[in-house]
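S.K.: Residues 5 to 104 (the numbering used here) make up the sequence shown, in order. Built from N, CA and C at the ideal position, the CB exists for glycine as well.
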Amino acid sequence: MTDITNITPATTPSEQPSLLEFPCAFPIKIMGRTQMGFAQAVVDVVLKHAPDFDPAQLEMRASKAGNWLSVTATVNATSREQLDELYRELVGHPMVKMVL
């Protein structure tokens with residue numbers, strides 16, 4: 005039987021100490037179906053959270069069959085909160101299937 009008096013509450017991700025030192029270059033990989041406007045939609049979201057991002061630096065790779073597109077945006081991360089908000093908005097975008 006577990007003694008619940010000795011269980012410490014779980015911390016939320018924003019309360020945990022960051023292993024990153026800010027500012028830093030931080031790559032974010034975003035995947036979605038190959039479709040018109042996907043890369044631009046990703047750039048729009050990234051620029052909202054990292055206005056100094058250079059869209060010309062966006063790296064793109066199509067899947068072997070060409071059905072999926074992976075884009076990598078390397079942002080100048082200034083805080084964990086910035087990265088958390090960027091990640092949340094990307095994950096919530098209807099064209100995005102996965103964010104790493």
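Tell me whether Gly41 is buried or exposed, calling it buried when 16 or more other Cβ atoms sit within 10 Å of its Cβ.
M.R.: Exposed, since its Cβ has fewer than 16 Cβ neighbours within 10 Å.
S.K.: What number of angstroms, rounded off, separates the C-alpha of Glu25 from the C-alpha of Trp72?
M.R.: Using only the alpha carbons, I get a separation of about 33 Å.
S.K.: Would you mind stating whether Thr76 and Phe30 have Cβ atoms separated by less than 8 Å?
M.R.: No. Outside cutoff.
S.K.: Could you tell me if Ala43 is buried or exposed, where buried requires 16 or more neighbouring beta carbons within 10 angstroms of its beta carbon?
M.R.: So Ala43 counts as buried.
S.K.: Within 10 angstroms of its Cβ, does Leu87 collect 16 or more other Cβ (buried), or is it exposed?
M.R.: Result: buried.
S.K.: Buried or exposed, going by whether 16 or more other CB atoms sit within 10 Å of the CB of Ser60?
M.R.: Residue 60 is actually Ala in this sequence, not Ser. Exposed, because fewer than 16 other Cβ atoms sit within 10 Å of the Cβ of Ala60.
S.K.: Taking the alpha carbon of Tyr91 as the point to measure from, which residue in Gln39, Val49 and Arg37 has its own alpha carbon closest?
M.R.: Considering only alpha carbons, the answer is Val49.
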